[in-house]
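J.:
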Amino acid sequence: MQRPYLGIIALLLVLSNFTQIHAQDQAVLPEKAKFKDYKTKYWINTYGNVRISKRLFWVAQTHFRFEETKTTPFAGQVAQLYNRHAIGYIYNKKFNISLGGVLRLNFNTDEFSDAPRNVVPEWRIWHQYQFAVPVWNAMVYHRLRLEHRWSRGFSADPDWIYRNRWRYMFRLKQPLNKPKLQSKTLYIAPEAELIMQSGKTIVASPMEDLRLHTSIGYIINPRVTVATGIMYSTGQAIENGGNYKQAWTIRMHCYFSPDIRRVKNKLPAIHFRD
Amino acid sequence: MRLFTSKLRRLLIFLPSLLITSIGFNQSVEAYQGPYGLGNQKGVAKYEFMLFNGDTIKNGTFEFSSSTLQEDSQMGQTAYEVSGHYEGNKLSDRWEFKKTYLRPSNNTKLVDYKYVTTLNGEEDYIIGQFEDGLPQGEWQLSRYRILDSKVTDTIFRSIITYNQGIPQLSAKIYHQNSSLVTRYLRNGMAHDEWTLFNPNAIEPQEIWTFDHGLLKSIQYNDQEGVVIVPIFNDESLDLQEISMDQRFLSVLSNSFPSLDTVQALNNGIFKLLDIQETLLNGVESLLKREEQRIKLAAYKVKVPTYPFEEKEREMLEKLVSLTEESVRIATGILSNSQLNIAKLSDRETAAYFEATDQINRKILKPMTLMVRMDDQNITQYINREKLGNQLFPEGLPFQVFENSALKNLRTHSYPNLQNVRIADLTNLIEDAYASLNFLRQKLSEKASITIREKAIVSEEALLVRKAQNFQSLVNTVSTNASDHVKTTLTSVQEFAENKLTAYANMEDSENKLNTAKALELCYEDLTKLVTSLGSLPVQKKEIRAMYTDDVWNPFTSTIMSENIKRRITNAYEEVVIPYTLTQIQNNLTCDNSADFSDRFKVIEDRMIVLRDMKTNKLERKLRRKSDPEVTLALLGLNTE
Chain Y
53 MQRPYLGIIA LLLVLSNFTQ IHAQDQAVLP EKAKFKDYKT KYWINTYGNV
103 RISKRLFWVA QTHFRFEETK TTPFAGQVAQ LYNRHAIGYI YNKKFNISLG
153 GVLRLNFNTD EFSDAPRNVV PEWRIWHQYQ FAVPVWNAMV YHRLRLEHRW
203 SRGFSADPDW IYRNRWRYMF RLKQPLNKPK LQSKTLYIAP EAELIMQSGK
253 TIVASPMEDL RLHTSIGYII NPRVTVATGI MYSTGQAIEN GGNYKQAWTI
303 RMHCYFSPDI RRVKNKLPAI HFRD
Chain P
1107 MRLFTSKLRR LLIFLPSLLI TSIGFNQSVE AYQGPYGLGN QKGVAKYEFM
1157 LFNGDTIKNG TFEFSSSTLQ EDSQMGQTAY EVSGHYEGNK LSDRWEFKKT
1207 YLRPSNNTKL VDYKYVTTLN GEEDYIIGQF EDGLPQGEWQ LSRYRILDSK
1257 VTDTIFRSII TYNQGIPQLS AKIYHQNSSL VTRYLRNGMA HDEWTLFNPN
1307 AIEPQEIWTF DHGLLKSIQY NDQEGVVIVP IFNDESLDLQ EISMDQRFLS
1357 VLSNSFPSLD TVQALNNGIF KLLDIQETLL NGVESLLKRE EQRIKLAAYK
1407 VKVPTYPFEE KEREMLEKLV SLTEESVRIA TGILSNSQLN IAKLSDRETA
1457 AYFEATDQIN RKILKPMTLM VRMDDQNITQ YINREKLGNQ LFPEGLPFQV
1507 FENSALKNLR THSYPNLQNV RIADLTNLIE DAYASLNFLR QKLSEKASIT
1557 IREKAIVSEE ALLVRKAQNF QSLVNTVSTN ASDHVKTTLT SVQEFAENKL
1607 TAYANMEDSE NKLNTAKALE LCYEDLTKLV TSLGSLPVQK KEIRAMYTDD
1657 VWNPFTSTIM SENIKRRITN AYEEVVIPYT LTQIQNNLTC DNSADFSDRF
1707 KVIEDRMIVL RDMKTNKLER KLRRKSDPEV TLALLGLNTE
């Protein structure tokens, strides 16, 4: 139990070093931080966790992200389509890891842009380490996610930009109407995620995004959960570390976890350490 | 005398040889092990004895045990264990007496499909020494309470010290929270103040004041303060010395001035002495057939006497014999199984039965006290002027005869509350006796009370017992049954009652005997059915648990229970069980009741099988709501 925490601490130390990097000469940093007007976004996320063996599961997530524009004030237009897949491994009830890839389609949402491409792919390799800690009748989760990311702009023949992302998320799931998280439980889940980035192109904006999200969820049964919430996020713009983006996002989540094993392989369902 | 001298002469002749052999003779101790009667108790004993001139001389250890289970287990069971020692046919050394009385408690639990009843009761334990056949040294008397089959506390404890059979100057008794110190004169006569203390209270709870054996007064506390009740205070009374035993306590309880005092004093010293006396008397009666009569309750008191005139004595004798006869008739009617069955259906029988019951409760029960006093030979110690009031505090119950059928049978007039004399009591019992004879005659027209075939009488007794068992099981089960099960139980109960009424209306005949036997079997089956119905909640719970899986939820990293095969469990709970219950309500007969009680087991077994079977197709079919019969068929539970 002790060791995974050491990992978190080490990672936080590393992250704190990035903030020491100072802006180089190209962009001129403003005297004071500039906060841009916030954008509104609308995300619909599906999360699949398909159990394929006693310890392995297949992570299949598809996200639809919309972003407001002048012509589509609230619901927005499609900004990103997200496909995240991985194979996960349940080490025990309190710790699991995943490794996989992402294909994200980025759409150009800039109305005034005359870039030739409207949509470009972005590739990632990602791995994740999640710890679950019961606290009274709630559960607390620490999620460390590392992503290696290749992206490019919408211009005619853009270069691939390679960046690393360092993500830590703290999340709590507190049951509201039941003594513990079980079927027919309504729960509230506050979460905070800090996303740092590094790479040659990252000069003065290591803090890519800070997401503060609270959702209300309902566990329909052990296999299906739905949730909705609102998220505030902010982060340094890549062109100039003195400029901070801001956004309010309405998020809808659907979690499903089918079990495609044969009945005889399912048992026992809980004893991971056998 | 001649026999003796000849014996002596022979003894003198053989003296030398006797001297030589006597040592060997004395040591030829034999042992007995087998059936034995100790007091009125039949049991098994093991003891050592010698034969001396053909007589059995008990010498050595003695052990006895007995256990009597009443025919009806509801009545409880009494067991005795005695161990001690004899020396030359005389009680000696340490003796232990244990009496355990246990009866089933109301605490019945369902364990593994069985109704398990714990036992409540009491255990009396007495230990003491004898020397040369007389109580000697310290005797300890204890009574323990047994609740739910466990010894929970000591209700009573008393220590008496004897010297050559005579209790010594003072003794102590402990009872729950209080302790009593008693005092005696050298000759065992109660004397001075007997005080009952409660360690938590400042004032003594109760004080009995004796003057050379005569109980002058009792002082006790109630809400208003100290109350002093004079007991035997009249100087002019003739006094008589008696033992401080059950007789004295009876005299005393019949001499308390009012019902209030009786209630106030019921739990004080009186109760303590009563328990002590019961314990001592228990030992005395166990030993009464042994070689010596042992008197353990050897304390003495004095009581006033009220001698009888010849005429009064005659009236009392008449009263006692008429009461005894009346009790016989009333008990005969009230315990008659045929009448007990008949009164369920016939109104007139019920009315006569009720009148008998009234006479029994309101007249015969108090009169029986009088009979008991006579039995104990204490009537001469009771102040007869107060007797009427004592037995009938609310006046003579002659209203019992206002019952229209009994109206003309009353031949005497009765005084009001005061001035009830022995003569009035005798009049009352005469009228009661006449009424009972009338009732007996009327009822014998309804059913042959007098001589019936023994076979049918004993068969009916069995039937009544089975019906009662059935009834009490129905009551137990319906306390925590669901509404649907409750209505089912009611209909099963009605079915049983109808059968019983039909039986009661039958003429006595060979056929009736067979019907009684068949009905008993029916009751057995119905009892089984009720037991099955009683285990339904447990069955439901177990099936629910069986159809629940533990599932890993990766999004919460917790294990959650999931109901599986919901359509099957829903069909079980919402169709199969309700349908079966309705079937019982509508179609129950004596013949199919056993099938119905097995049915629940069959259903459970099937549910167990379906749990691990591949049932996708079945579950799809169950989705279409349809006739219960079809659902049953799909689940493989066809009744055909």
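In order, the protein sequence lines correspond to chains Y and P.
For what it's worth, my numbering labels the leading residue of the first sequence as 53, then goes sequentially.
For what it's worth, my numbering labels the leading residue of the second sequence as 1107, then goes sequentially.
Even for Gly, the Cβ is constructed at its ideal location relative to N, Cα and C.
Return the first residue and the last residue of the beta strand (DSSP E) that Q288 (chain Y) is part of.
T.: Its beta strand (DSSP E) spans residues 276-288.
J.: Select from Y:K122, Y:I142, Y:R117, Y:T121 the residue whose C-alpha is nearest the C-alpha of V130 (chain Y).
T.: Minimum Cα distance to V130 (chain Y) is reached at Y:R117.
J.: Less than 8 Å between the C-beta atoms of T1532 (chain P) and M1476 (chain P), yes or no?
T.: Result no, Cβ atoms of T1532 (chain P) and M1476 (chain P) do not sit closer than 8 Å.
J.: Going straight from the alpha carbon of P125 (chain Y) to that of D1655 (chain P), what length do you get?
T.: So the two alpha carbons sit approximately 47 Å from each other.
J.: For H74 (chain Y) and E243 (chain Y), I'd like the C-alpha separation in whole angstroms.
T.: Its pLDDT being 42, under 50, H74 (chain Y) is placed unreliably by the model, and the measurement read from it follows with that caveat. Computed Cα separation, rounded: 29 Å.
J.: Show which residues of chain P have a CB atom less than 8 Å away from the CB atom of F109 (chain Y).
T.: Neighbours of F109 (chain Y) on chain P, chain order: P1660.
J.: So which residues on chain P does L233 (chain Y) lean against when the C-beta distance must stay under 8 Å?
T.: Chain P residues near L233 (chain Y): N1659, T1662, T1664, M1666.
J.: Check this for me: beta carbons of D1537 (chain P) and L1569 (chain P), under 8 Å apart or not?
T.: It is not a contact, given that the beta carbons lie outside the stated cut-off.
J.: Hey, quick one: how far does the beta strand (DSSP E) through A131 (chain Y) stretch, first residue to last?
T.: First-last of the beta strand (DSSP E) with A131 (chain Y): 129-144.
J.: Please decide whether M191 (chain Y) counts as near chain P, where near means a Cβ-Cβ distance under 8 Å.
T.: Closer than 8 Å: yes.
J.: May I ask you to list, following chain order, the residues of the region 262-275 of chain Y that have a beta carbon less than 7 Å from some beta carbon of chain P?
T.: Per Cβ criterion, the list reads N273, P274.
J.: Exposed or buried, what is M1479 (chain P) when buried is set at 16 or more other beta-carbons lying within 10 Å of its beta-carbon?
T.: So M1479 (chain P) ends up on the buried side.
J.: For the beta strand (DSSP E) that I1439 (chain P) lies in, which residues bound it at each end?
T.: Looking at the DSSP string, I1439 (chain P) is not in any beta strand (DSSP E); the run it does join, the alpha helix (DSSP H), is 1416-1440.
J.: Measure from the C-beta of K145 (chain Y) to each C-beta in chain P and report whether the shortest distance is under 8 Å.
T.: Yes, K145 (chain Y) counts as interfacial toward chain P.
J.: Return the chain-ordered list of same chain residues with a C-beta closer than 7 Å to the C-beta of I1163 (chain P), the five sequence neighbours on each side being excluded.
T.: Closer than 7 Å at Cβ, skipping near neighbours: F1155, M1156, G1194, N1195.
J.: If you draw a straight line from the alpha carbon of T1223 (chain P) to that of D1254 (chain P), how long is it in whole angstroms?
T.: Cα to Cα, the separation comes out at about 8 Å.
J.: Am I right that R180 (chain Y) and S203 (chain Y) are in contact with their C-beta atoms under 8 Å? What's the rounded C-beta distance?
T.: Residue identity check: residue 180 (chain Y) is Gln in the sequence provided, not Arg. Actually they are not in contact, since the Cβ atoms of Q180 (chain Y) and S203 (chain Y) sit about 20 Å apart, beyond 8 Å.
J.: What residues in its chain sit with their C-beta under 8 Å from that of I272 (chain Y), if we drop five residues either side in the sequence?
T.: Only S235, K236, V278 meet the Cβ criterion.
J.: Output yes or no for whether 8 Å exceeds the beta carbon distance between D1380 (chain P) and L1343 (chain P).
T.: Not a contact, by the Cβ cut-off of 8 Å.
J.: So if I threshold CB-CB distances at 7 Å, which residues from the region 171-189 of chain Y count as touching chain P?
T.: Here the close residues are A184.
J.: Looking only at its own chain, which residues have a Cβ that is under 7 Å from the Cβ of E1626 (chain P), when we skip the five neighbours before and after it?
T.: Once the five neighbours on either side are set aside, the close Cβ partners of E1626 (chain P) are L1568, L1569, K1572.
J.: Which same chain residues end up closer than 8 Å to F147 (chain Y) when comparing Cβ atoms and leaving out the 5 residues on each side of it in sequence?
T.: For F147 (chain Y), where only same-chain residues beyond five positions count, the Cβ hits under 8 Å are P56, Y181, Q182, F183, A184.
J.: Using the Cα positions of S1663 (chain P) and L246 (chain Y), report the straight-line distance between them to the nearest angstrom.
T.: For S1663 (chain P) and L246 (chain Y), the distance between alpha carbons rounds to 22 Å.
J.: Cα separation between V1389 (chain P) and F1203 (chain P)?
T.: Computed Cα separation, rounded: 7 Å.
J.: Whole angstroms are fine: how far does the CA of Q1352 (chain P) sit from the CA of A1137 (chain P)?
T.: When rounded, the distance between both Cα atoms is 37 Å.
J.: With a threshold of 6 Å on Cβ separation, who are the neighbours of I290 (chain Y) within its own chain once the five nearest residues in sequence on each side are excluded?
T.: Here the set comprises S257.
J.: For the region 1304-1323 of chain P against the region 1442-1456 of chain P, do three or more pairs of beta-carbon atoms, one drawn from each stretch, fall closer than 8 Å, so that the two count as touching?
T.: No, because fewer than three Cβ pairs between the region 1304-1323 of chain P and the region 1442-1456 of chain P fall closer than 8 Å, the two stretches do not touch.
J.: Residues of the region 76-105 of chain Y with a CB closer than 9 Å to any CB of chain P: list them in chain order, please.
T.: Listed by position along the chain: Y99, N101, R103.
J.: Applying the criterion that 16 or more other CB atoms from any shown protein chain within 10 Å of the CB defines a buried residue, is T1695 (chain P) buried or exposed?
T.: Exposed: under 16 other Cβ atoms inside 10 Å.
J.: Is the Cβ of K225 (chain Y) closer than 8 Å to any Cβ of chain P?
T.: Closer than 8 Å to some Cβ of chain P, the Cβ of K225 (chain Y) qualifies, so yes.
J.: DSSP three-state label for I1670 (chain P), please.
T.: I1670 (chain P): coil per DSSP, three-state reduction.
J.: Using the Cα positions of G1501 (chain P) and L1440 (chain P), report the straight-line distance between them to the nearest angstrom.
T.: Taking the straight line joining both Cα atoms gives about 25 Å.
J.: Distance, Cα to Cα, N144 (chain Y) vs T1593 (chain P)?
T.: Going from the Cα of N144 (chain Y) to the Cα of T1593 (chain P) covers about 51 Å.
J.: Using a Cβ-Cβ cutoff of less than 6 Å, which residues in the same chain neighbour P1336 (chain P) once the five nearest sequence positions on both sides are dropped?
T.: So the list reads S1323, once near-sequence residues are dropped.
J.: Quick one, which of P:I1348, P:N1620, P:R1730, P:P1210 has its alpha-carbon nearest Q1486 (chain P)'s?
T.: Measuring from the Cα of Q1486 (chain P), the nearest candidate turns out to be P:I1348.
J.: So, for P1521 (chain P): in the same chain, excluding its five sequence neighbours on each side, which residues have a beta-carbon less than 7 Å away from its beta-carbon?
T.: So the list reads D1530, once near-sequence residues are dropped.
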